[in-house]
Structures are given as structure tokens and as C-alpha cells.
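Sequential numbering of the first sequence, starting at 46, is according to our numbering. All C-beta atoms, glycine included, are put in the ideal place defined by N, C-alpha and C. All figures in this text were calculated on a predicted structure; none of them were measured in a lab. What follows is a set of notes on a single structure, which appears directly below.
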Amino acid sequence: MSEEKKSLNFLEQIIEEDLANGLPKEKLRFRFPPEPNGYLHIGHAASICLNFGLGLKYNAPVNLRFDDTNPAKEEQEYVDSIQHDVQWLGFQWDQVLYSSDYFQQLYDWTLEFIKQGKAYVDNQSSEQMAAQKGTPTEPGIDSPNRNRSVEENMELFLKMKNGEFEEGSHVLRAKIDMKHTNMHMRDPIMYRILKRHHHRTGNNWCIYPMYDWTHGESDYLEQISHSICTLEFKSHRDLYDWYLDQVVDADKLRPKQREFARRNLSYTVMSKRKLLQLVEEKIVTGWDDPRMPTISGLRRRGYSPESIRNFSEIAGIAKRDNVTDVALLEFCVKDHLNKTAPRVMAVLDPIKVIITNYPEEKEEFLDASYNDYEDGFGSRAIPFSREIYIEQEDFKEEANKKFFRLKLGSEVRLKNAYIIKAESVVKDEAGNITEIHCTYDEDSLSGSGTEESKRKVKGTLHWVSVKHAEKAEVRVYDRLFTDEAPDSYKDKDFKEFLNPDSLNIIKAFVEPSLKTAKILDRFQFQRLGYFCVDKDTTNEHLVFNRTVPLRDSWAKMGE
RNA sequence: UGAUCCAUGGUGUAAUGGUAGCACUCCGGUUUUUGGUAUCGUCAGUCAAGGUUCGAGUCCUUGUGGAUCAACCA
């Protein structure tokens, strides 16, 4: 047991400091607050792992809170997918809550604001208000409606609430400071009129609170000790604190907002807007297209929750902008799948091999372990016969000594089977090789214990028996974009960098044991990569997705 | 010509004024019935200039570079 001291990230340091300054450990409480307006992606996974990870580390509850204050964009479908994704990642929340749970409380507080002269109704157009707001470098000016009487504000706000005004005609604003250097403090909108059906509150409300006026208060009501969000909310913190100042009880815990840098991944985009665009323009097949960086896409691609959690762990968090190399994510899946995935055989680009000295009608079932190096994986019988498929690229008529695979006049081992020697080829009129004729060494069967079986031959090939092979569709994925950061160019659209070869559909042959594989089962196709069973699979039609290829130092040599 | 935040190998992150470390990537060796895995190793970094200090990646100043902020979005 190495008592290695793990360094704390800056948020853990803040928490430790708060604890040292007297915050009781039992008061620690976190939350993950998605807006249910889209599917979760790998960037959200960072936040999920962070918040739920802190919960685990400090044995503190973590709420899943849907930030559902904009009925125009939010849907139950997204609520469901988000819950599914968080659970699939392996986390357990304390409570599922909704910002909409607090609409009444927020409204009651707002009445107090109005009575105390801290909020006013503005009936100017959004253009007028924008013009008065100033710019980051110039101060704003006060709205002509800023000094309405309490009575008038109360009356107008009630009319807003009762649906007597049109959408867009009136808003309620907090009275703060139109000259503040922070734009968010220039009399921000607290409520707008939205005559929309809300996925939870139905038509109970036609005024909806804005994000800023909801988030901190929700944190406070749930007694969240540390409200962790991404960097772009940094400038909202003044407002978060200002709102809290108006409502916080001295004997209750006051939540603290802190910000970290969102996680970006190379060769993809992460904004919901762009992801939505890929879906709507049918560039991908859906939110769960295996090329998407969504949790559902990664799941369908064959990523395991463990690998995603490990990725978040080792990528870490900080406050600077980053583009994390997708190779790190790929390393994490390969690392996990290497330990957990059974090894099987599949040939993606077949060429027929005929073993001329093997009896025509003979077939045998060879015992093959699902993992030669680890216990507990079990084994299955794989059929062997006179005709087999191997990969085209595993054969050359002539090649130099560095080519360990099959070539005329030399030997290779067939994995879990015999040593064969290539004798001749058959070609069609065009000169393409259609068959490779080999002979086999009858005494060389793997694991038979004979002298011949122990012979060292340099190459070992995977194969499937022609007679017994199952046909399968294999979807080979590559990165969706050709540029490391496709959305980092101001003058170019991210779609200019789409990779035209991000999907390759292959007709392959797989060993018969895979016939019974279930959707999402993960395998290593030996010498090729990790693959999982796609949901498009039916009894008649097997479909696999390539999660990630194996490292291939041979292919690299050729470059 | 504002405010706020950020700056450590190619990438991501540590070092809490005291030996710049870890992982990925790249490259090379060994092992191997997966050109995989495992294992060993190489290359590679504190944005710049001043200052404080016995000592600065860390503190201060000034630059430089980047990010964020002007939705009735979150």
C-alpha cells in the first residue's frame, strides 16, 4: 500500500480551506445542474465526475437539479436522457430536483424586492433597454421606468403574472447600478413573460425567472455549499452574490460559486448549438451517433463508464482554457477494455486461404481462450476447416524480412490453430489474388503440447472458417473533423473541417460465437481493435461499431 | 481602448517561497501464439523583462499573448 499523497485540485483546496475555517464537514453539499435542452456530452462528464466525485470524496450528498427556467427550449425527453446518462456513468444522486420547484418561493421573494424598492417593471422594448445598457467600456444610463412607485410596480408585476400583458411587453428588473463595470449588474432582468407550456408546471405560470435570479437561490434553498460552474459564469458571480445578499438568513449556509475551465476535446466540437446542427443537418445520424462526443454517442461507440470516469480523473481540472488531446480519451478506453474485453476473431477485409492438405469434409472445434493472459474469461470452441479467411493485408507474394505475416514459401501461425505455409496463389484475369493455397503442419496445433506446436514462427494471424463464419456489418469510425479545434477559427465555419471518411461501412466475417452477442457487448477483435455490438443489430443482421483500433506499430513503420 | 480571469514539455495537469514531477503523444530497447498488452528507456517545459528574497514556476511591477462579459438563453 503506497500512501502516495495525491495533490488537490484548486476546488478541493478551496473546500479544505473552508473546512479549516470552520465549515462543518456535514454541511458539504454539491449539485449538478444541467438545463434539459439537449443531450449530455463529454464536457458535462467532467462536471458530473467533478461534483459527484467531490460527493464521494467528502461523503456529501449531490443533487441532480434541472435548471428548467426556459420552457421554450426544455423537454421531458432531455430530462430522461440526462438521468439515464448520469446513472450510466455510475453516479447516484441524493435528490432529483428542478428549479421550477422554486418558482413560488422565487415569486414570494420578488414581491419583497418590489416592496423594498429593489425591483421595477420596465415596459420598454428590448432594443431600448439594450441601448441604455451601454457597452463593456461605456457605462449605461437609467431606464425612465426605474423610479416607478412601489404601488405601480406591484400592480404591473401582478398584471404580468396574471397574463394581462403580451410576451415581450414587460419585464421585471433588479435595481442595482446601470454604471457598474460588470454588465450583469446593470439592472438585470429577473422575470420575463413567456406564455409557454412548461414540461413540469404546465400553464401555471406565464412569467419565468431568469437564470441568475434562479440559480443562486436554488443553491441556497438546497443548501449547496459549493456551486461549481464553468468559467463563462465568472462574471455572473457578482450578481449571484448580490441576489444572495438580499435573501440569505444569517444562520443558514451561504452557497459559494466557483468556476473551472470547461473541458474541450481535440478533433470535435462541444457546444450544444453546433452538436444540434450536426444532428439537424443529418451530418450524423442522431445525438447518439457513435462519432458524437455525447455520452450517448460514446456509449454506443463502445466506451465504458469506467473509461470516461478515469479520463475525467486523469485529465484533471484547472482554470485555463484547454484542448485535451482525444488520444488521452482513447488511451482510457483501450486501457479499460484491454482488461475487460474478451478476445475474438473477425476478418474485416477477407481473402480466402485453402489448406490443400487438410481433408475436404473435415471440421474440428478448437478450444480458444477469450484471454490468453488473464484468468476468468473462459473459452469457446472455434470451428476450423479447409477453407478460411484471413486479412488481405496479411499476405504478400514477396516481402522483406520485416514482414512477419504470410508470404509465399514461408510460415505463420494461425491463432489458436495450426502453422501454415503459403505455397501458391490463384489469380483472376485482372491479376488479383483470389485464393492462397497453403499446406498445414498437422502436428502444430496450438496447445497440443507436441514439439511441432512449440515451434517459433514469427507471425500469428487471426482467421475465420469460411464455412462457419457469420456475416457482419462493421462500422469503422474515424474522427469527425480533420482539424484539432474546428471551431477555433473566426473566419471559418467548423463544418469546413468535417472528415469525409469519418464512417466506413464494411462487410466482414466474424467467428460464429458472436452470433449470440448482445447489444453493447464489447470485444477485442484480435489484432484489429475494440468493437461493440450496435443497437441496429437484429437476429438476421449483426452490426458492430469499432470503438477504437489497437495500437499498430507496424502500420506506423510504413509511414 | 473598461472590467475580470488565465499563462509550466506537442497535449493535459502537479509542485501551498526550498530537487520542476506525473500521465498521454512521439521515438527506441526487451518480452510476446495479438507488430496488442506488459516492461525499460530517450526527447521535451516554467510567456518576457525588471524587482523582493539566502532562495521565485510560485510574491510584486510592467509588458506580451489568450479567454470572458453588452440574449426577455443557460
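Distance from the Cα of Asn584 is smallest, within the candidate group Ile564, Glu211, Met602 and Asp112, for Ile564. Scanning Leu559, Val521 and Ile269 for the CA closest to the CA of Asp546 turns up Val521. Distance from the CA of Phe158 to the CA of Arg524, rounded to the nearest whole angstrom, comes to 52 Å.
A Cβ-Cβ contact shorter than 7 Å links Arg231 with His225. For the pair Ala462 and Phe429, the CB atoms are nearer than the 7 Å cut-off. DSSP lists no beta-bridge partner residue for Glu325.
Membership of Ala164 in the beta strand (DSSP E) is indicated by the continuous run Ala164 to Asp167.
Looking at the DSSP output, Gly574 shares a beta bridge with Phe570 and Pro594. Arg110 places its beta carbon 7 Å or farther from that of Arg74. For a cut-off of 8 Å, the C-beta gap from Lys178 to Met228 is around 7 Å, short enough to register as a contact.
The segment 288-307 makes no contact with the segment 547-564, as fewer than three CB pairs between them are under 8 Å. Per DSSP, Ile60 is one residue of the alpha helix (DSSP H) stretching across Phe55 to Ala65.
DSSP places Pro350 inside the alpha helix (DSSP H), whose first and last residues are Pro350 to Ala360. In the DSSP assignment, Glu267 falls within the unbroken alpha helix (DSSP H) covering Asp257 to Glu267. The beta carbon of Val166 sits closer than 6 Å to the beta carbons of Asn198, Leu201, Phe202, His215 and Leu217 from its chain, once the five residues preceding and following it are set aside; these are given in chain order.
Looking at the DSSP output, His271 sits in a beta bridge with Lys301.
By the neighbour-count definition (other C-beta atoms within 10 Å, threshold 16), Glu325 is an exposed residue.
Rounded to whole angstroms, the gap between the alpha carbons of Leu382 and Gln569 is 8 Å.
In this structure, the CA atom of Ser341 is about 8 Å from the CA atom of Asp334.
Counting C-beta pairs closer than 8 Å gives three or more between the segment 489-500 and the segment 456-471, which meets the contact rule. When Leu156, Lys446 and Lys160 are compared, the shortest CA-CA separation from Ser194 is found for Lys160. Note on Ile238: 16 or more other CB atoms within 10 angstroms of its CB, so buried under the neighbour-count rule.
Within the same chain, Cβ atoms closer than 8 Å to the Cβ of Lys319 are found at Asp532 and Phe539, the five residues on either side in sequence being excluded. Look at the segment 452-506 and you find these whole runs of beta strand (DSSP E), each 3 residues long or longer: 456-459, 464-472 and 478-485. For Ile127, no pairing in a beta bridge is given by DSSP.
By the neighbour-count definition (other C-beta atoms within 10 Å, threshold 16), His507 is a buried residue. The C-beta separation of Glu375 from Val593 comes to about 5 Å, placing the pair in contact by the 8 Å criterion. By the CB criterion at 7 Å, Leu393 and Val509 fall outside the cutoff. Contact between Ile273 and Arg303 is confirmed by a C-beta separation of about 6 Å, below the 8 Å threshold. Around the beta carbon of Thr561, fewer than 16 other beta carbons sit within 10 angstroms, so the residue counts as exposed.
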